[in-house]
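Comments concern the structure below.
In my numbering, the protein residues as written are -10 to 280.
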């Protein structure tokens, strides 16, 4: 597929030489010897079967082929550089990388992050969203925000939320729900992966006649709450995730009964490695925000 593409080292040597019109200056910029730059450019000329530079004793002059080729090479290198930064950040160590459960990211963290950036305008942050709970990869992430009971192998954990669960639904649906027993005829929306689900709430509410195994299943809370807001069924709200929707009236909690659960969101950091100063500052700030 890329049979005609010259080696990247040749292209970088050509781009720097053409931009600076000097093999010596290009060598200094790329931390190579002048002989190496000259050799790379010569190899590129042989590959392309075209002369790219007219070599003068103390300078270079681009040929028409080089003038036509330079903007193409620069555009490609810039695209590659941008793509690398978008996916991997800039350099390891100067970007604070956080993996975060997508429901927490959208409903909680996105509201808090602007405050942190206002106080730390030079801090570079990269957030990777996740749906399923995977082992904390401390080589890839500085922090991980996961949902669970607080026990995460290979990581120190700090609680970010204490959860209560209660049914939530669209306002129009709430108008028809007067008693919890009516749930026996309603479609329940289930989120896979949670330890405490509909069964926990129904048992605590002493509702034995509701079959909590039936209904609509999704893999994340965002989808569950959107479906509930569109009146596709009734979801089980977790206090930290539905607070904004309840405040705006997008969702309604039709019953007063809530049940406290052990699960919650936790901030994870590596068990053994030393936390960087900027990472420690972020962790302290986030814990204070979510006291």
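All C-beta atoms in this analysis are idealised placements derived from N, C-alpha and C, irrespective of residue type, glycine included.
Strand pairing of residue i, partner residues [DSSP]
i: residue 258; result: 145
i: residue 224; result: 157, 178
i: residue 43; result: 50
i: residue 248; result: 154
i: residue 131; result: The partner list for residue 131 (beta bridge, DSSP) is empty, contrary to what the question assumes.
i: residue 219; result: BP columns for residue 219 are empty, so no partner.
i: residue 118; result: 89
i: residue 214; result: Answer is none; residue 214 lacks a bridge partner.
i: residue 136; result: 254
i: residue 63; result: According to DSSP, residue 63 bridges with nothing at all.
i: residue 84; result: 113
i: residue 95; result: DSSP, once it has assigned bridges, lists no residue as partnering residue 95.
i: residue 241; result: 158
Nearest to residue i (by Cα), restricted to the options the options
i: residue 164; options: 19, 83, 240; result: 240
i: residue 52; options: 25, 68, 10; result: 10
i: residue 112; options: 153, 5, 141, 103; result: 103
i: residue 126; options: 144, 32, 22; result: 144
i: residue 3; options: 49, 96, 205; result: 49
i: residue 206; options: 197, 183, 227, 272; result: 183
i: residue 46; options: 12, 222, 28; result: 12
i: residue 252; options: 87, 137, 189, 227; result: 137
i: residue 169; options: 243, 133, 59, 279; result: 243
i: residue 121; options: 180, 147, 38; result: 180
i: residue 152; options: 6, 204, 249; result: 249
i: residue 54; options: 60, 41, 61; result: 41
i: residue 87; options: 15, 131, 199, 34; result: 131
i: residue 221; options: 177, 22, 33; result: 177
i: residue 22; options: 117, 6, 235; result: 6
i: residue 98; options: 43, 128, 133, 61; result: 133
i: residue 83; options: 265, 280, 277; result: 265
i: residue 267; options: 192, 109, 100; result: 109
i: residue 35; options: 237, 162, 166, -1; result: -1
i: residue 123; options: 142, 116, 107, 115; result: 142
i: residue 28; options: 59, -4, 8, 57; result: -4
i: residue 8; options: 60, -6, 43, 195; result: 60
Span of the alpha helix (DSSP H) around residue i
i: residue 4; result: -3 to 9
i: residue 270; result: 266 to 278
i: residue 101; result: 99 to 108
i: residue 30; result: 23 to 37
i: residue 191; result: 187 to 193
Residue i - containing beta strand (DSSP E), residue span
i: residue 173; result: First-last for residue 173: undefined, no H or E at that position.
i: residue 13; result: From DSSP, residue 13 is part of no beta strand (DSSP E) but of the alpha helix (DSSP H) over 12 to 19.
i: residue 206; result: 205 to 207
is_contact[residue i, chain B] using C-beta, thresh 7 Å
i: residue 257; result: Looking at the structure shown, chain B is missing, and only one protein chain is on hand.
beta-carbon residue i near the ligand SAH non-hydrogen atom, thresh 6 Å
i: residue 249; result: Inclusion of the ligand SAH in the displayed structure is not the case, the ligand content being empty and no account of it being possible.
Between the segment 203 to 216 and the segment 82 to 96, do three or more beta carbon pairs fall short of 8 Å?
yes
Touching or not, the segment 212 to 230 and the segment 145 to 161, by the rule of three or more beta carbon pairs under 8 Å?
yes
Would the segment 54 to 71 and the segment 172 to 189 be scored as touching if the rule is three or more Cβ pairs under 8 Å?
no
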